[in-house]
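See below for the structure under consideration.
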Amino acid sequence: MKIRGFVYCSVLASFFLLGFLQGSVHGRPLLTSLPAARPRRGDAAPFARWLVSQSSWGVLNTISSEWGGAPFGNVVSFSDGLPEKGKGVPYFYLTELDPTASNALKDNRSSFTISEYNLGTCGKADPENPTCSKITLVGKLKQIDGSSDEAEVARTALFTKHPEMKTWPKSHKFQVFKLEIENIFMINWYGGPKPITVDQYLQAKMKILTFIADTTA
Ligand SMILES: *[C@@H]1O[C@H](CO)[C@@H](O)[C@H](O)[C@H]1NC(C)=O
Numbered sequence: 044m045k046i047r048g049f050v051y052c053s054v055l056a057s058f059f060l061l062g063f064l065q066g067s068v069h070g071r072p073l074l075t076s077l078p079a080a081r082p083r084r085g086d087a088a089p090f091a092r093w094l095v096s097q098s099s100w101g102v103l104n105t106i107s108s109e110w111g112g113a114p115f116g117n118v119v120s121f122s123d124g125l126p127e128k129g130k131g132v133p134y135f136y137l138t139e140l141d142p143t144a145s146n147a148l149k150d151n152r153s154s155f156t157i158s159e160y161n162l163g164t165c166g167k168a169d170p171e172n173p174t175c176s177k178i179t180l181v182g183k184l185k186q187i188d189g190s191s192d193e194a195e196v197a198r199t200a201l202f203t204k205h206p207e208m209k210t211w212p213k214s215h216k217f218q219v220f221k222l223e224i225e226n227i228f229m230i231n232w233y234g235g236p237k238p239i240t241v242d243q244y245l246q247a248k249m250k251i252l253t254f255i256a257d258t259t260a
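Reminder that position 200 of the sequence shown reads as 243 in our numbering, one-by-one numbering, no gaps.
Below, the structure is given as structure tokens:
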């Protein structure tokens with residue numbers, strides 16, 4: 044039973060991988076990027092950038108204007124750039140019909156939390172186990188001028204990661220927001236949070252595994 048399940052999974056996995064690598068349709072060579080390998084846990088800044096860029100959602104926390112200043116966490120989608128081109132700054136697509144955006148416009152203090160558990164790379168570890176990494180970026184949540192170049196870049200990044208966003212109702216007036224990071228709290232092993240400055244985080248380079256799948260043969 045177990046073995047059959049395993050074989051079935053492996054077959055599924057190989058189909059998936061084959062489909063992934065042979066994504067080119069008409070025999071054109073295709074540059075396919077595999078999911079980036081997780082940096083060493085000691086490389087704190089690249090590790091943090093990896094966790095952020097590989098993730099697609101997290102919990103965005105604002106100060107509730109409605110509930111007397113209580114911290115208010117909300118599940119949101121985000122992107123920090125095009126695939127493998129993320130710059131570490133999370134962009135969001137928010138509507139004021141939702142408390143998160145309206146809170147931020149009244150009081151921009153905010154934080155954004157992501158768990159590695161979502162990536163499926165924590166093995167059997169519990170989400171609160173320090174070996175299952177987590178990061179909270181603390182800063183100010185800011186609305187971007189919708190007609191700016193930055194908003195254009197952010198929308199492309201967001202819509203690439205979350206194609207459904209393009210179809211969200213115009214009447215809800217979704218706007219691009221970003222978190223201007225001021226402090227970083229990350230745990231990716233035992234021994235407490237890893238000290239990372241914002242500069243170290245923003246300037247960290249990640250090694251990206253790219254793979255040329257040439258299906259012309
Ligand atoms: C956040 O709000 C404060 C107070 O209104 C303002 O001075 C500051 O410029 C804002 N920061 C950002 C990044 O928008």
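For every residue, glycine included, the Cβ atom is placed at its ideal position computed from N, Cα and C.
Each of F135, A113, P142, K130 was checked against the Cα of V119, and the nearest Cα belongs to F135.
Counting only unbroken stretches of 4 or more residues, the alpha helix (DSSP H) elements lying wholly within the segment 145–206 are 192–204, in sequence order. When P206, L137, G163 are compared, the shortest CA-CA separation from Q97 is found for G163. G111 sits exposed, since fewer than 16 C-beta atoms from the chains shown fall within 10 Å of its C-beta. Rounded to the nearest angstrom, the Cβ distance from H215 to L140 is 6 Å, consistent with a contact under 8 Å. Cα atoms of I227 and K128: separation of roughly 21 Å, rounded to the nearest angstrom. Cβ-Cβ separation between K221 and K185: approximately 6 Å, consistent with a contact (criterion under 8 Å). The Cβ atoms of K248 and P89 lie closer than 8 Å to each other.
Closer than 7 Å to some heavy atom of ligand 1: that describes the Cβ of K185. The Cβ atoms of Y233 and G131 do not sit closer than 8 Å to each other. Going by C-alpha positions, A80 is about 20 Å away from G101. Taking 8 Å as the cut-off, the beta carbon of F121 is found no closer than this to the beta carbon of N104.
A144 is a Cβ neighbour of T138, given a cutoff of 8 Å. Looking at the DSSP output, E223 bridges to K183. For P82, the secondary structure class from DSSP, reduced to helix, strand or coil, is coil. The alpha-carbon separation between I239 and Y160 amounts to approximately 21 Å. Around C175, the same chain offers E159, Y160, C165, A168 as residues with beta carbons nearer than 6 Å, after the five sequence neighbours per side are excluded. Within 7 Å of the C-beta of N151 there is at least one heavy atom belonging to ligand 1.
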